[in-house]
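One structure is given here, and the rest of the page talks about it.
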């Protein structure tokens, strides 16, 4: 589309070169639509007072093309063209209502005026209908308006053609009259005939005079029409200027509206992307929340397991301490009592050997006492067997307790009850051992008594029997010593079991340490999840802020464009009012 500056530059260059500026020549030098070139060329002509040089045949066509350029603006300023047509109609009515000076002039001038009026009035309904009821496509309307305006321009330019025809008719009439006068002068020699000829010839002489008057009036009428045509062209030039301004404003508004639409599309696209990103981050946040919930659940489970492990560890530690204390007491008691008993038995044996000869006289009494001692030894042996059985049961229960503690799956209450039972059995064993020690003391006293009676018994019985009895007592003493050794072995086994329990406790401590490390890792993971959650929340807040900004900015842009459109409509309405006030309607 050519602009005014390009058209102006080409026109000035052609004018300096001395060429005749025409629309065809401008169309060759410029690119763009012919209607825009016509509008800018008319504007330049009105500014520089340049009158295009055109032939008679080209006048109507160029006027039609110049008038047709207004059809491109009907969609922007439809009221202006209708006002111009109304002005042309009014002008035609004013000229048709002028007074008729005489009948011959009216007969000559009636033809172009009536034809102009008929053509203009026949074209005006089509133009008014096109302006009142515009179809969906503006091209047929523009074409019909161009045709109507061309016909109106031809009707306006027809007086010039009528003038040329009248002049030619005048010349032919004058030549014909001259020929008739010459012929009459040659044919009539008499005076009467000459007078008749003069009278006859005066009539055609008046006809050229009348024709000259009519031609003069017609020329005056044509000049008035040409002046009106120039006024109309000036009005059209003004309308073109205003239409061009409105076109430029409309193009600016259209460009702004297009830019705003593009900006709104881009922002809507960015808004959709932000919404998709927001949905993705929301899903990631939900996943992090789920992972955080799982981590918290694992932490709670680990804390619960740690608490249970600590409780089991404390219980096992208490049981181990109790077993170690009981074992230590048992070992100390067994060792001290065994040493004392052995030393006492050795001393008593020596005394018995020394006094054995003196107790032979009391052998029957001694035998009775020995029987009692045998019975007491049998009872003691039975109690020792029961104590051994209890000790074995205690050992089995201790092993079972240790196995349950190693597996960590047994019942803690039952384990504690078994521990209490084992402790009670240990106490029973210790009590049985104490009772056995008491019985040993009683037997030692009996042996002392027997030893004191041995000299008498030796005098009464044979010394060999006493020796056999003493040997038997020694064998029993050895049996008791073997049982004491068995008890020591049992204590050693308890020690080993205590060491195993200590190892198990060490493994439990290691397990608890590992659980603490896992809890620490879970706490660190939880802290990391919390940081990620906070970061995601911050990103979510930023996205919501950006989304709000885009929405507000889009709303303000749409409001601004709406206001600009309203202002443009108001400006167009103001221009139409100015055109109406200018008297074009």
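Numbering (the UniProt record's numbering), first residue to last: 1 to 585.
Glycine included, each C-beta is placed from N, C-alpha and C at the ideal position.
It should be emphasised that the depicted structure is a prediction, and the values quoted were computed from it without experimental measurement.
If you draw a straight line from the C-alpha of residue i to the C-alpha of residue j, how long is it?
{"i": "residue 532", "j": "residue 270", "result": "25 Å"}
{"i": "residue 615", "j": "residue 545", "result": "No answer is possible for residue 615: the residues shown for the chain start at 1 and end at 585."}
{"i": "residue 502", "j": "residue 475", "result": "40 Å"}
{"i": "residue 290", "j": "residue 274", "result": "24 Å"}
{"i": "residue 375", "j": "residue 439", "result": "12 Å"}
{"i": "residue 229", "j": "residue 214", "result": "22 Å"}
{"i": "residue 472", "j": "residue 434", "result": "24 Å"}
{"i": "residue 77", "j": "residue 244", "result": "Low local confidence applies: a pLDDT of 40 at residue 77 is under 50, so the model's placement there is unreliable, with the coordinate-based value given in what follows. If you take the alpha carbons of residue 77 and residue 244, they lie about 10 Å apart."}
{"i": "residue 73", "j": "residue 226", "result": "With a pLDDT of 40 at residue 73, under the threshold of 50, the modelled position of that residue is not reliable, and the figure given next carries that caveat. Rounded to the nearest angstrom, the two C-alpha atoms are 26 Å apart."}
{"i": "residue 32", "j": "residue 570", "result": "30 Å"}
{"i": "residue 20", "j": "residue 577", "result": "38 Å"}
{"i": "residue 111", "j": "residue 219", "result": "Residue placement at residue 111 is flagged as unreliable, the pLDDT there being 45, under the threshold of 50; the coordinate-derived value follows with that caveat. Going from the Cα of residue 111 to the Cα of residue 219 covers about 14 Å."}
{"i": "residue 484", "j": "residue 417", "result": "29 Å"}
{"i": "residue 224", "j": "residue 51", "result": "18 Å"}
{"i": "residue 282", "j": "residue 564", "result": "40 Å"}
{"i": "residue 510", "j": "residue 549", "result": "58 Å"}
{"i": "residue 314", "j": "residue 508", "result": "11 Å"}
{"i": "residue 276", "j": "residue 542", "result": "14 Å"}
{"i": "residue 179", "j": "residue 173", "result": "10 Å"}
{"i": "residue 500", "j": "residue 441", "result": "37 Å"}
{"i": "residue 272", "j": "residue 249", "result": "34 Å"}
{"i": "residue 421", "j": "residue 329", "result": "18 Å"}
{"i": "residue 582", "j": "residue 5", "result": "28 Å"}
{"i": "residue 445", "j": "residue 488", "result": "26 Å"}
{"i": "residue 469", "j": "residue 482", "result": "20 Å"}
{"i": "residue 538", "j": "residue 556", "result": "27 Å"}
{"i": "residue 491", "j": "residue 505", "result": "20 Å"}
{"i": "residue 175", "j": "residue 216", "result": "19 Å"}
{"i": "residue 280", "j": "residue 265", "result": "22 Å"}
{"i": "residue 232", "j": "residue 558", "result": "42 Å"}
{"i": "residue 304", "j": "residue 529", "result": "22 Å"}
{"i": "residue 478", "j": "residue 516", "result": "56 Å"}
{"i": "residue 39", "j": "residue 560", "result": "32 Å"}
{"i": "residue 396", "j": "residue 449", "result": "42 Å"}
{"i": "residue 480", "j": "residue 318", "result": "34 Å"}
{"i": "residue 307", "j": "residue 296", "result": "16 Å"}
{"i": "residue 347", "j": "residue 467", "result": "17 Å"}
{"i": "residue 221", "j": "residue 251", "result": "43 Å"}
Compute the beta-carbon to beta-carbon distance between residue i and residue j, rounded to the nearest angstrom, for a pair I have assumed lies under 8 Å.
{"i": "residue 14", "j": "residue 37", "result": "With 8 Å as the limit, residue 14 and residue 37 do not qualify as a contact, their Cβ atoms being about 13 Å apart."}
{"i": "residue 246", "j": "residue 579", "result": "Not really, about 11 Å apart at Cβ, beyond 8 Å."}
{"i": "residue 526", "j": "residue 292", "result": "7 Å"}
{"i": "residue 267", "j": "residue 554", "result": "5 Å"}
{"i": "residue 278", "j": "residue 540", "result": "7 Å"}
{"i": "residue 2", "j": "residue 30", "result": "5 Å"}
{"i": "residue 27", "j": "residue 34", "result": "6 Å"}
Taking 7 Å as the threshold (C-beta atoms), are residue j and residue i in contact?
{"i": "residue 547", "j": "residue 285", "result": "no"}
{"i": "residue 10", "j": "residue 41", "result": "no"}
{"i": "residue 573", "j": "residue 253", "result": "no"}
{"i": "residue 299", "j": "residue 514", "result": "no"}
**Asked** Okay, do the segment 28-47 and the segment 236-244 touch, 3+ Cβ pairs below 8 Å being the bar?
**Response** Yes, since at least three Cβ pairs between the segment 28-47 and the segment 236-244 fall closer than 8 Å, the two stretches touch.
**Asked** Any contact of the segment 488-504 with the segment 251-263, i.e. 3+ C-beta pairs under 8 Å?
**Response** Touching, no.
**Message:** Extract the residue ranges of the alpha helix (DSSP H) inside the segment 7-49, only unbroken runs of 4 or more that lie entirely within it.
**Reply:** Counting whole runs of 4 or more residues, the segment 7-49 contains the alpha helix (DSSP H) stretches 23-29, 34-48.
**Item:** Secondary structure, alpha helix (DSSP H): runs of 4+ residues fully inside the segment 483-517
**Value:** Counting whole runs of 4 or more residues, the segment 483-517 contains no alpha helix (DSSP H) stretch at all.
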